[in-house]
Structures are given as C-alpha cells and as structure tokens.
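Heads up: the structure comes next, in structure tokens.
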Amino acid sequence: MSGASILNRFIFKVPPNLKTQTHTHQAASKHLVETILNHIKADSLSKAVSVLFNSPFTFPFSLYARLFKLCSSNLALLKLESHLFTFNPSPPVFLVNRAIEAYGACGFLNDAKKLFGAMRQRDGGSWNAIIKACAQLGSGEEALGLFSDMRLQGVCPNEITLASVLGSCGVVLDLFVSRQVHGLVLKYGFYENVILRSSLVDVYGKCGDMDEARRMFDEIDCPNEVTWNVIIRRYLEVGDVHEAVVMFFKMFRVNTRPLSYTLSNALLACSGLFALEEGMQIHGLAAKLSFDGDAVVSSSLIGMYAKCGKVGNARRIFDQISSRDLICWTSMVSAYAMTGGTREARELFNKMPERNVVSWNAMLAGYTRNLQWEEALDFVLLMCRTAKPMDSVTLGLVLNVCAGLSDLELGKQVHGFIYRHGIYSNIFVGNALLDMYGKCGNLKSAGVWFYQMSQSRDCISWNALLTSYARHQRSEQAISTFGEMQWQTKPSEFTFGTLLTVCANIGAIDQGKQIHGFIVRNGYLIDTVIRGALVCMYSKCHHLLYALLIFREAASRDLILWNSMILGCCHNRMGKEVLRLFKFMEEEGVQPDHVTFRGVLRACLSEGRVKLGMQYFDSMSDKYYVMPQLEHYECMIELFCKFGCKKELKQFIKGMSCEPTNPMLTKVIDACREYGWTRLGEWAAERLKELNA
DNA sequence: ATAGGGTTAG
856 MSGASILNRF IFKVPPNLKT QTHTHQAASK HLVETILNHI KADSLSKAVS
906 VLFNSPFTFP FSLYARLFKL CSSNLALLKL ESHLFTFNPS PPVFLVNRAI
956 EAYGACGFLN DAKKLFGAMR QRDGGSWNAI IKACAQLGSG EEALGLFSDM
1006 RLQGVCPNEI TLASVLGSCG VVLDLFVSRQ VHGLVLKYGF YENVILRSSL
1056 VDVYGKCGDM DEARRMFDEI DCPNEVTWNV IIRRYLEVGD VHEAVVMFFK
1106 MFRVNTRPLS YTLSNALLAC SGLFALEEGM QIHGLAAKLS FDGDAVVSSS
1156 LIGMYAKCGK VGNARRIFDQ ISSRDLICWT SMVSAYAMTG GTREARELFN
1206 KMPERNVVSW NAMLAGYTRN LQWEEALDFV LLMCRTAKPM DSVTLGLVLN
1256 VCAGLSDLEL GKQVHGFIYR HGIYSNIFVG NALLDMYGKC GNLKSAGVWF
1306 YQMSQSRDCI SWNALLTSYA RHQRSEQAIS TFGEMQWQTK PSEFTFGTLL
1356 TVCANIGAID QGKQIHGFIV RNGYLIDTVI RGALVCMYSK CHHLLYALLI
1406 FREAASRDLI LWNSMILGCC HNRMGKEVLR LFKFMEEEGV QPDHVTFRGV
1456 LRACLSEGRV KLGMQYFDSM SDKYYVMPQL EHYECMIELF CKFGCKKELK
1506 QFIKGMSCEP TNPMLTKVID ACREYGWTRL GEWAAERLKE LNA
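Numbered per our numbering, the first sequence spans residues 856 to 1548.
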C-alpha cells in the first residue's frame, strides 16, 4: 500500500476554486458536518469518513484534524487524506502533521515518511510527528537519525520532541545515547517536566541500569501514577521482583491511585515470588479501589492464583469479569493447563469465542508441561491441519514434544522448517532444538548445533548440553563442559544438580568437592535439589559422614532428600542407619514412596532381617498405598533365598500379583540347588521353561 | 495541534 496515498492525491482532478462555492454548498456543508459528527458519536468512523469523502467540497480544518486523530483504518485514512488534498492543495502545516500522526498510529510508517518528505514547509510539530512515528513503530535508529537531521537544520527541539527521542532510546537500548539526550533535557531546561523525568527512569531501566533509573526516580518530587508504573515495571523486568513489590506498597503509602497495569505488574511480581499472601493483599486492594471485574487486573489475578496453585480462586475471578476479552480467556485456559487440569483447559479452550497464537500455545504448553505427549502431538497436528498461525513459541513447544516422544525424525523435520523460515536465531527455539537432540540421544547433532549457536548461547544452552552428556554417560565431557561454560555464562542451581549427579555416578570425589566449594564460595543458595545431589555424591563416594552432615543441616527435608540419604546409607551397607532413618522419616510425617522402600528392603537384606522385611513389604500396600514394583519383589526373593527361608519363599513367589521374571526364577533355582529344595526347584525350572518357550 | 507507562503463552 506504500505510495497509495501519494498517488491518490494526484489522481484527483484540479480542485474547484473555493471562491466559486455557492451558498447552497455552505448550507449543505453545515448539514453534512452534523451528520459526520453524529457518526463520530456513534463510533462509526468509516461512515463519517464516507460521508466526507463523497462530498464535493471542503470542510473546516478542525473537522479533518479531529478525524485524523480518530482514524484507525487504512481505508478511512486514505479517503480522508485524499479529500483534504483534493480541495486544499496546500493545507496548513498542522493538518499535515495530524495526517502524519494518523499514519503513524495506524502503523503505516512508509506513508507517514512520504507525507513528511513531500512537505514544502515544516514546523517543529512535523518533526515531532515523524520522530514519534518512527520511535513507536520500532525504527529507533531512524528516529534518532531524524532527530539529528532536525537539529542540523536548526529546528529547536521542545519537550515533546525529547519525549519521543527518549522513546527511541528505549528502542535502541543505547546507554551512551540515552545519557546524551539526558544532557539535552538539562541543557534546554526541561528538567522539571514529570513526563520527561519519567521517560528518563524508563530509558535507564530499559537499558538495564536500575541504579541510575532509581536515582532519577528518587529525584522526582511528585512522581505520578505513570512514574510509579514505570519503576515497578522495570524492576520486574530486570528480575528484581522483590523491589517491584516493595515499590508497589510504597506507592500506596504516598496515596497514589494505581493504574490497572500497575496492579498487574505487582501481581506479576507476586507470581514470580509465589507470594500468595501479598497477591491476595493486592487482590483486596484492587477490590477496594473498585477494580473488580476489570479485564486487565483480572487476567493478572488469574495468573497469580494459578501460579500459586489456587485454580479455584482463579476461576472465581474469571466468572466475575464484566466483559471477557481474549486475554482473560487465554489466562484462564493457561491457569488450568499449568496446574495439571488439561481436560478443563481444553473444554474452556473449545468454548473460546476467538483464539490467537498465544491461546493455542497456552493449551499446547499445558500438554507438554504435564508430559501428555500424545495429546500434544494430536494438538500440533490439529494446528497444522487447520493452518493455524505458529510462532517461535509454538516451534519451541513442538520441539519439546519431539524430545518427549524421542522422535528424532519429527525433530529433524522441525529443524528443517526452522531453518527454512530463518527462526533459528531465537534463543528459545535454539535451546529447544539443542534439548531435542540431546534427549533423542543424537549428541553429535547437539554438539554441532551448540557450536552453531555460539553467538547466542545462554545459561540454559550450556545446561542443556551438559545434561545431554550427563544423561548419556559422557561424564568427563559433562565436567569439562562446566569448565568451558564459565567463560561465557554464570552457572545456575540446575547446573550443580546435574554435575553433582555426574560426580556421584563415576565416584569423582575430587571434582565433587570442588563443585561443592564453588557453590559455597559463590554464595549460591543450597536448595533441596542441590542438597540431595550433595548427599548423593558424598555417599556414593563413600564419604558418608559428609553426607550425613549436609543432610542434618537442612532446614526442611522433603521426600527426595530423605531418599537420597537412605539410598546413600544403603550404598555404604549401613543397613541399621537406613532403618533408623526410616523411623525418623515416619516421625516427621513424610510419606515414603517406592524409592524409599527400595532402600528399606535392601537394608533388611544386608542386615538379615527377614521378618522385618516381610512386615515392611506388606506395609507398602496396606499402610502407605505404595504399589510394589519388580525391584521390590526381586529384593524380597533375594532376601528369602539368601537366608534359606523356603516356606516364606514358596508362599511369596506363588502369591505374587505379577508373573515372576527370568532373573527371579534363575535366582530361585540357584537357591534351591544350594539348599537342596528339589520340589520348589523343579517348579521354578518348569516356569522358566514356560516363560522362555 | 503535538509527549511518557502497560495485561496473556515458553
């Protein structure tokens, strides 16, 4: 559509001379202005413009100006502009400025630029209009270039210019240029302007310099609601979620009414902290300030409650929204999907009045989050069949599905698609691709791809590579990757969990200790995952005392940590310790699982406690509702064989709820030969023959 | 006549 507006202007014949306009025209014009105004009032802009367009004479400039401000569609804008120029070959500069602004607001940067370029006379407003259009349509460099042209031509920037220029700095993210513009704000004496000061807070924050942003903020005497919104949003974006919440409550203390978006940002911060209590407090404040039913606030409330696991609350909010938009619906679908309720999510998804990529992604993310790979694949196929638009998030999720299904072929196809569409520079997609190759066991492709994304790696990329090595027994490579990683990025808690497990698997006590030291020296938080991995590493390396020490230091112990300690003792043949630990665990009220019982039964085996072993085995299903698995049956059979308990063995193996396996029967046959239990031995041999027939 | 901020999905 570029150039259409210019063309339009020349297609029209020479405009009639205004002086020849008759009185009847003027009367008709007056009537038509009323009609147009009525259409504007009734929100039917296209009708208003149509009436104007079909009138063979000009209208008051103020009417054109008003319509330019309202114009939201390309078609209406074209008509408006061509009508204006048809009857007014050189309209006043301010009106052309309005036209440029209108093109900018509609996203037609090319038309805005052409109009600006064709102007014979310009004022500061023309420059402001074009700079703003460039800044808001993401052409920050161009906006800054225009600003420099403007100054070269001797046009003096005013406050409005500098506001747009700061907007461009926020697009370009250049701290150096931002400081220069900051200097201009001071030089021209606009420093008392709250909008410019807020923009400075905004720009420094966007460039990631929160210290400078905060200094700017603190210098403002009367920050308004936008200023507060900016500082809270920026803290949220740089990940200082805590400060975001603190600032939010500070805003209340100075009696500033928050914007709906500010409530949203504060709620987002709470979601990041899983801070249900603060979130509910904000919910209360929102209600008091009569924001209930507001779509923006409600969407964020739904997100916050879902993140904190309270889907019921989220649903109640959803039901109370006065007019639900697409985002409300998507938030609710996502709330169900992310808390395990993919069925409810799908039902709601099917009922949505309209959907966009985000809605489809939210649903797909639900399936992948809950490891429902088949459902996820069906959903992707549905998206393909119905030609739904996809974006980089969709593709990342599709790669997760490939990884979950270990479907290397499908993964390669997606890789091809990504390559053809040039989306590979997206870090999320890049990492998903790396993860896919790693999980599918194609370490060579993972390595090649990792090399190719060398310009754009982050911590997640390194972790993905490290985990692939760890998972496929390339322990030394995993450890050396950790060394290389530190040249490019800071390791995360996740990295240590994987690395310590690697050290545990190969008994690399020296490296394990080094990593432990690294964690402590660099002040990382030892969460339950790292603690469990440390316990596991030290006990697998036969440093049981260290393991116990770390276990004891834990403020709270979850099932995983108990299991690590129990299995660690098992590994060191400390059966008595295992049985004691299990008693303590029961006392703390932690529910054991099948892993716990693997340790407990192994302890009974090493301690020769046949009776106790039987009691624990029975208690699994009777008391703890843990289904015995093959490993538990195997352990019991070994227990009976080792200690020569013929009667118990016979009763156990014949009463099993599953068929005895090959190794189980072999073990029984060996035992029978050793103890001379001929009949049981014959029975077992017979079963083994049947099994292998 | 013209300025700043901003909700959802991984």
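Using N, Cα and C, we set each Cβ at its ideal position, and we do this for glycine too. Nothing here was measured: the structure is a model prediction, and the numbers come from that model.
| query | result |
| --- | --- |
| Using CA atoms only, rank isn't needed, just tell me which of Tyr1393, Gly1423, Ile891 is closest to valine 1450. | Gly1423 |
| May I ask you to report which of helix, strand or coil DSSP gives glutamate 1529? | helix |
| Take the Cβ of glycine 1531 as the centre, count every other Cβ of all protein chains shown within 10 Å, and call the residue buried at 16 or more, exposed below. | exposed |
| Could you round the C-beta distance between isoleucine 1086 and valine 1058 to whole angstroms and report it? I think they count as a contact, below 8 Å. | Not really, about 12 Å apart at Cβ, beyond 8 Å. |
| Given a cut-off of 8 Å on the beta-carbon distance, is the pair leucine 844 and serine 1054 in contact? | Residue 844 falls outside the range modelled here, since the chain spans only 856 to 1548, and no answer is possible. |
| For alanine 1018, which residues in the same chain have their Cβ closer than 7 Å to its Cβ, ignoring the five residues on either side in sequence? | Ile1050, Leu1051, Ser1054 |
| How about aspartate 1149 and glutamine 1175: are their beta carbons less than 8 Å apart? | no |
| Please list the segments of the beta strand (DSSP E) lying wholly inside the stretch 1412-1448, counting only runs of 3 or more residues, in order along the chain. | none |
| So, are the CB atoms of leucine 1156 and histidine 1138 less than 8 Å apart? | yes |
| Is any heavy atom of the ligand SAH found at a distance shorter than 7 Å from the C-beta of serine 1033? | Annotation note on the ligand SAH: not contained in the displayed structure, which lists no ligands. |
| Between the C-alpha atoms of leucine 1543 and proline 1518, what's the straight-line distance to the nearest angstrom? | 9 Å |
| Using CA coordinates, which residue listed in Lys1345, Leu887, Met1193 is at the minimum distance from alanine 903? | Leu887 |
| Rounded to the nearest angstrom, what separates isoleucine 1315 and lysine 1294 at their Cα positions? | 15 Å |
| Classify arginine 1329 as helix, strand or coil using the three-state DSSP reduction. | coil |
| Using 10 angstroms around the beta-carbon of valine 1109, count the other beta-carbons present and answer buried if the total reaches 16, otherwise exposed. | exposed |
| Beta-carbon separation of valine 1253 and valine 1269 under 8 Å? | yes |
| In this structure, does DSSP put serine 1309 in helix, strand or coil? | helix |
| Can you name, in chain order, every residue of its own chain whose Cβ lies under 6 Å from the Cβ of glutamine 1484, other than the five neighbours on each side? | His1449 |
| Go through its chain and collect everything with a Cβ distance to threonine 1082's Cβ below 8 Å, but skip five positions before and after it. | Val1049, Arg1052, Ser1053, Val1056, Phe1072, Ile1075 |
| Among the residues of its own chain, which have a CB less than 7 Å from the CB of alanine 1200, if the five just before and after it don't count? | Val1188, Tyr1191, Ala1192, Met1218, Gly1221 |
| Between the alpha carbons of asparagine 1211 and alanine 973, how many angstroms are there, rounded? | 39 Å |
| Using only CA atoms, which one of Ser1309, Arg1198, Gln1328 lies nearest to tryptophan 1342? | Ser1309 |
| Can you check the stretch 1151-1197 for any alpha helix (DSSP H) of at least 4 residues that lies completely inside it and give the ranges in chain order? | 1166-1175, 1181-1193 |
| Considering Cα atoms alone, identify which of Cys1527, Lys1478, Tyr1480, Ser1476 is closest to isoleucine 1492. | Cys1527 |
| Kindly indicate which residue of Asn952, Ala1410, Leu1467 has the alpha-carbon position closest to the one of glycine 1430. | Leu1467 |
| Looking at the structure shown, is lysine 1243 part of a helix, part of a strand, or coil, going by DSSP? | coil |
| Which residue's Cα is closest to the Cα of arginine 1457: Ser1300, Val1433, Lys896? | Val1433 |
| If you run the structure through DSSP and keep just helix, strand and coil, what is glutamine 1343? | helix |
| Would you decide whether histidine 1371 is buried or exposed? Buried here means 16 or more other CB atoms lie within 10 Å of its CB. | buried |
| Is the separation between the beta-carbon of leucine 1460 and that of leucine 1494 shorter than 8 Å? | yes |
| Would you mind reading off the limits of the alpha helix (DSSP H) that contains aspartate 1057? | 1049-1061 |
| Could you check what DSSP says for lysine 1368 in three-state terms: helix, strand or coil? | helix |
| Below 8 Å on the Cβ atoms is my contact criterion, and I expect methionine 1392 with glycine 1367 to pass it. Report the Cβ-Cβ distance as a whole number of Å. | 5 Å |
| What span of residues does the alpha helix (DSSP H) with glutamine 1227 cover, start to end? | Where glutamine 1227 is concerned, there is no enclosing alpha helix (DSSP H), given that its DSSP letter is neither H nor E. |
| Applying the criterion that 16 or more other CB atoms from any shown protein chain within 10 Å of the CB defines a buried residue, is phenylalanine 1562 buried or exposed? | Since the first residue shown for the chain is 856 and the last is 1548, residue 1562 is missing from the structure and cannot be characterised. |
| Looking at the secondary structure, which residues open and close the alpha helix (DSSP H) in which glutamine 1268 lies? | 1263-1275 |
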